[in-house]
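Counting with the numbering used here, you get residues 1091 to 1435 for the letters of the sequence shown.
No residue lacks a Cβ here, since even glycine has one placed at the ideal position from N, Cα and C.
Nothing here was measured: the structure is a model prediction, and the numbers come from that model.
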Amino acid sequence: MTAAIRRTVPALALTGAMALLATGCVAGENAAPAEDAAASSGEWSDTALSLDFATYNPLSLVVRDQGLIEEALGEDVDVEWVQSAGSNKANELLRSGSIDVGSTAGSAALLARANGSPIQVIDIYSQPEWSAIVVGPDSDIASVDDLAGASIAATKGTDPYFFLLQALEEAGLSVDDVEVQNLQHADGRAALDNGSVDAWAGLDPIMASAEVESGDELVYRNVDFNTYGFLNATEDFIANHADLAQVVVDAYEEARAWALAHPEETAQLLADVAGIDLAVATTVIEERSNLDVSGVPGADQIAVLERIAPVLAESGDVSGGQEAVDAALESIVHADFAEQAAGGE
């Protein structure tokens, strides 16, 4: 990459920067770029930053591979990368404080916040079609209607699980009409392949590999049932380490521009990290991962989450029901960092 990431809002400038945000002076409203207002002290608000990478988040692979955050922070901050196996695992890491920034599906972020996890979305990394209902090559299941009484592998708290709930509802079924086996994504594919379950609510790139390697079939697809890819941070991190959060979002936006200009290299990176065939990775990147979306979270994402909110509330997975889901919807977005990144391009 030729453009360096902007070194934004060092720690000594946080007070002034946050005051500007509180008075509505954000990018695009006559506010000077954060780096112009920042003191050139070279100090940051913390000496460590921990964030995840995931094969379902291609931009995280680019950011990590090219060392964008490390380059921006220099030797002052130790950067730790932790792999997330699924949205549920990323949420667990965020809740425990093991990571500061984690990538999930929008539905999983909403579930976590509705259940009391103090996370907010600070950037959008993709608009994917990463979920579908998958069956084996010799299955008699040809539609969602045929799932009644079936055993289905799904990872609770993730987009494939909520994809399953929406698909069942559309078909006039409910989760009570099936047997859900709560398995992590890779284990769900293995269970389908060895006949332990009748179907699997799949997730790419594992799902795309299953099509090629096992001859598995996607019997139900619906892009509208997939929620956006959310990059989340805890409220504590947002409030106390805004300088580091801004660096992360800036890195993601630089990675987005690079990935869009280099789809072949992005697919190769996914293939290498996920251990999958390049042709499979290419399908995921070029056909099922729309990276060409605004990184600024807002109305588009809320509209999608509003569609699944009743399903989420009725699923029994949120202790506070619809009221808790509505409160989470109203407070899940924190767009300041993405707005600053977009305004500074």
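- Just so you know, the alpha carbons of E1396 and E1133 end up roughly 41 Å apart.
- Annotation: E1355 to L1151 spans about 11 Å, alpha carbon to alpha carbon.
- When Cβ pairs closer than 8 Å are counted between the two stretches, the segment 1305-1313 is seen to touch the segment 1216-1228, the count reaching three or more.
- Inter-segment contact for the segment 1295-1304 and the segment 1166-1174 is absent: fewer than three beta-carbon pairs are separated by less than 8 Å.
- Contact check between the segment 1321-1329 and the segment 1253-1265: fewer than three CB pairs, one atom from each, fall below 8 Å, which does not count as touching.
- Rounded to whole angstroms, the gap between the alpha carbons of G1239 and Q1412 is 28 Å.
- DSSP lists S1221 as the bridge partner or partners of L1293.
- The distance from the Cβ of T1317 to that of G1196 is about 3 Å, consistent with a contact at the 8 Å cut-off.
- A straight-line Cα-Cα distance of about 43 Å links D1314 and D1166.
- Here the C-alpha atom of V1423 lies approximately 6 Å from the C-alpha atom of Q1210.
- When secondary structure is reduced to three states using DSSP, W1171 falls in the strand class.
- Residue nearest to V1374 within the set A1361, V1386, G1385 is A1361 (criterion: CA-CA distance).
- V1265 and A1243 have their C-alpha atoms some 12 Å from each other.
- Rounded to the nearest whole angstrom, the C-alpha separation of N1330 and D1416 is 26 Å.
- Between D1213 and G1385, the gap from beta carbon to beta carbon is short of 8 Å.
- Residue burial is scored here from C-beta neighbours: H1275 has at least 16 other C-beta atoms within 10 angstroms and is therefore classed as buried.
- Taking a contact as a CB-CB distance under 8 Å, the pair E1303 and A1431 does not count as one, their CB atoms being some 38 Å apart.
- One Cα belongs to V1268, the other to E1182, and the distance between them is close to 26 Å.
- Note on geometry: alpha-carbon atoms of S1229 and A1341 lie some 44 Å from one another.
- Boundaries for S1197: no beta strand (DSSP E) harbours it, while the alpha helix (DSSP H) harbouring it runs 1196-1204, taken from the DSSP string.
- Classified as buried, A1345 has 16 or more neighbouring CB atoms from the shown chains inside 10 Å of its CB.
- Burial check for G1247: the Cβ neighbour count within 10 Å reaches 16 or more, so the residue is buried.
- Shown here, S1286 sits in coil according to DSSP, grouped into three states, outside any helix or strand.
- If the five residues before and after A1232 are omitted, its C-beta is found closer than 7 Å to the C-beta atoms of V1309, all from its own chain and listed in chain order.
- Per DSSP, reduced to three states, the secondary structure at T1324 is strand.
- The beta carbon of D1155 lies closer than 7 Å to those of L1359 in the same chain, with the five residues before and after it left out.
- Taking A1281 as the centre and dropping the five residues before and after it, the same chain places the C-beta of A1243, Q1271, L1273, V1287, W1290 closer than 8 Å to its C-beta, in chain order.
- The Cβ-Cβ distance between L1141 and G1187 does not fall below 8 Å.
- If the five residues before and after A1364 are omitted, its C-beta is found closer than 6 Å to the C-beta atoms of T1145, P1295, all from its own chain and listed in chain order.
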